[in-house]
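S.K.: Residues 102 to 398 (this note's numbering) are what the sequence shown spells out, left to right. Heads up, the beta-carbon is just placed ideally off N, CA and C, and yes, glycines get one too. Values in this document were obtained by computation on a predicted structure and should not be read as measured data. One structure, as C-alpha cells, below. Some questions next.
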Amino acid sequence: MAGEADFALDRKLLIRRFGRAAASCDEVAVLAREVARRMDERLEYIRIDPRRILDLGCGTGADFDALGRRFPSAQRVGADFALPMLARARGSRSLLGRLRTLGRPQGPSLACADAAALPFARGSMSLVWSNLMLNWLADPLPALREMHRVLEVDGMLMFSSLGPDTLRELRAALPASQGERVHRFIDMHDLGDALVQAGFSDPVMDMEVLTLTYADLDELLRDLRLSGCANASTARPRGLSGKGGWEAARQALEAMRADGRLPATFEIVQGHAWKAQPKTTEDGRSVIRFQPRPGKS
102 MAGEADFALD RKLLIRRFGR AAASCDEVAV LAREVARRMD ERLEYIRIDP
152 RRILDLGCGT GADFDALGRR FPSAQRVGAD FALPMLARAR GSRSLLGRLR
202 TLGRPQGPSL ACADAAALPF ARGSMSLVWS NLMLNWLADP LPALREMHRV
252 LEVDGMLMFS SLGPDTLREL RAALPASQGE RVHRFIDMHD LGDALVQAGF
302 SDPVMDMEVL TLTYADLDEL LRDLRLSGCA NASTARPRGL SGKGGWEAAR
352 QALEAMRADG RLPATFEIVQ GHAWKAQPKT TEDGRSVIRF QPRPGKS
C-alpha cells in the first residue's frame, strides 16, 4: 500500500519530470481526459452551486473549460507543483480570456503550490476538484487535510486516483529482484480511511478498470515518459539488467498480447466527500449549537 513506511516518492524528480512533460502531456492524456469526463458526469447527480472551485493538480488546465461550462458563475483557481505546467495553462488560455464577452467570468487564477501546504485561506473554496493527483503522493493524508481546511462548510471534494492494479501487466513483466519498477498506488479502502481521518464526512467511492492498448512496450513507455508518469519511487532501480532484462520483459508482455495489442490496465478510484459542520473547535472544545424553539422568534 502507498503510504507504508517503506514506500516513498522522489518529489524533486516528480517536479522535474512533470515540468519537462508540460509541452507533451496533452497529446498523450487519453486516460486523464476520459476520467475527467466521468467525473463531470457524476456532477449531474450532485446538488452543488460552488462560488469558488480549486482544481488541485490542474496541470495544463485541461479541465478548466468543463468546470466553467458546468459552473459558469464560479471563480476557478488552478494549483500545481510544476511551474511549467501552469505556464502552459496560462499561455494556452490567454487568447480565450481576451475573447470573453463583457460580463462573463474571468479566466482561472493560477498558483504554484504543494498539495500539502496550500496558499489559500481556510474555508475559501466551495469545491475542490482533483483529477489523478492523489496517486502522486506516497501519503495522501496531509494533502487531504489541506483540502478539508480550504473548503467551506458544506463544500465538496471531487477526486480520482489510481488503484493498486494499475499497470499490473508492466509490473508482472519487469523483474522485481533489483527494486521497485512500478510504484505502488493506494487502495480504495485506505483512501477512504484517510478521507475520514482528514475530517471529511459521507465519502462515496467506487472503482472501475479501464484498459488502454498499445502496439508494443516502447509505445507504452513513451506515453508514460511524455506524460511525466514514469516511476518515481525512491526504491526504483537505475537499470534493467542490461539487454537481457529488457528482452525478458518484452517476451513476458508479448504473452499478454490480445487482438494484436498489448493491454495496460488502469484501476480508477473515484469519489466525493463533504466538509460537514465541525463538532469541535480547533483546540478540541465541543461545539454546541442552539436552535430556537418552534414558534419563537
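What are the boundary residues of the alpha helix (DSSP H) that Arg134 is part of?
M.R.: Val131 to Arg143
S.K.: Assign Glu368 to one of two classes, buried (16 or more other C-beta atoms within 10 Å of its C-beta) or exposed (fewer than that).
M.R.: Glu368 is buried by the Cβ-count criterion.
S.K.: Gly208 to Asp288, Cα distance in whole Å?
M.R.: 35 Å
S.K.: On the three-state DSSP scale, how would you describe Cys213?
M.R.: Strand at Cys213.
S.K.: Could you give the residue range of the beta strand (DSSP E) that holds Asp255?
M.R.: Leu252 to Leu263
S.K.: Just to confirm before moving on: does the CB-CB distance between Trp230 and Phe260 stay below 9 Å?
M.R.: Here Trp230 is near Phe260, since their CB atoms are less than 9 Å apart.
S.K.: Go to His290, then tell me how far its alpha helix (DSSP H) extends in each direction, as first and last residue.
M.R.: Where His290 is concerned, the enclosing alpha helix (DSSP H) stretches over Met289 to Gln298.
S.K.: Whose C-beta lies closer than 8 Å to the C-beta of Glu247 among residues of the same chain, with five residues either side of it excluded?
M.R.: Ala216, Ala217, Ala218 and Leu219
S.K.: Alpha carbon to alpha carbon, what distance is there between Pro276 and Pro338?
M.R.: 10 Å
S.K.: Which term fits Pro173, buried or exposed, when burial requires 16 or more other beta carbons within 10 angstroms of its beta carbon?
M.R.: exposed
S.K.: In angstroms with no decimal places, state the Cα-to-Cα distance between Ala133 and Asn232.
M.R.: 7 Å
S.K.: Roughly how many angstroms separate the alpha carbons of Leu197 and Ala190, rounded to a whole number?
M.R.: For Leu197, the predicted model reports a pLDDT of 46, less than 50, meaning its position is unreliable and no value from the coordinates is stated.
S.K.: Can you list, in chain order, the residues of its chain with a C-beta nearer than 8 Å to that of Glu270? Leave out the 5 residues immediately preceding and following it.
M.R.: Leu354, Met357, Leu363, Pro364, Ala365 and Thr366
S.K.: Quick check: what's the CA-CA separation for Leu114 versus Ser210?
M.R.: 26 Å
S.K.: Does the separation of the CB atoms of Pro241 and Leu235 fall below 9 Å?
M.R.: yes
S.K.: Compute the Euclidean distance between the alpha carbons of Gln146 and Asp255, then round it to the nearest angstrom.
M.R.: At residue 146 the sequence reads Tyr, which differs from the Gln that was named. Taking the straight line joining both Cα atoms gives about 16 Å.
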